[in-house]
Amino acid sequence: MVEPRFDDLIHAPHRLRICAMLSQAEGIEFGEVLNRSELSKSALSKHLSQLAQAGYVTDTPIVREGRSRQLLSLTPVGRIAYADHLAALQRIIEEST
3 MVEPRFDDLI HAPHRLRICA MLSQAEGIEF GEVLNRSELS KSALSKHLSQ
53 LAQAGYVTDT PIVREGRSRQ LLSLTPVGRI AYADHLAALQ RIIEEST
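Using my numbering, the first residue of the sequence shown is number 3, and each one after it goes up by one.
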């Protein structure tokens, strides 16, 4: 069994929320993540860049209703890192009760 791994990159509140959103779908449009996160475009882009540099998030250009959009998704590595981080948090909770 692999030890759960706490991930400092994912743990930051906005990045944790982004990963939580993306973990529930195959892909979510940038605009939807922007609306749900209540971040500015530049702040969201910064968090996404950090997650992308770690290989956790990918963005795919798509065209919908004649407009170019970004479809964001967790990579397989990102899904594993997120699941490991949640397991590490759960372990912390269990050990403290």
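Where a beta carbon is used, it is the ideal one built from N, C-alpha and C, also for glycine.
Cut-off 8 Å between Cβ atoms - residues of its own chain near residue i, not counting five sequence neighbours on either side
i	result
Gln92	Pro6
Leu41	His16, His49
Ala45	His16
In DSSP terms, what residue i is bridged to
i	result
Gln72	Pro63
Ile30	Leu74
Own chain, CB closer than 7 Å to residue i, minus 5 neighbours either side, in chain order
i	result
Tyr84	Ile12, Cys21, Ser25, Leu76
Ser39	His16, Arg19, Ile20, Leu46
Met23	Ile30, Val35, Arg38
Ala90	Pro6, Arg7, Phe8
Burial state of residue i, where buried means 16 or more other Cβ atoms lie within 10 Å
i	result
Val79	exposed
Asp10	exposed
Val35	buried
Val59	buried
Residues near residue i in its chain [Cβ-Cβ closer than 6 Å; skip 5 each side]
i	result
Asp86	Pro6, Arg7
Arg71	Glu31, Ile64
Asp61	Gln72, Leu74
Gln52	none
Glu97	none
Residue i: CB within 7 Å of a non-hydrogen atom of the ligand ADP
i	result
Thr62	Annotation note on the ligand ADP: not contained in the displayed structure, which lists no ligands.
Test: residue i CB closer than 8 Å to a CB of chain C
i	result
Val59	Absent from the structure is chain C; it holds one protein chain and no more.
Only counting runs of 4 or more residues, tell me where the alpha helix (DSSP H) segments fall wholly within the stretch 33 to 61, in order along the chain.
43 to 55
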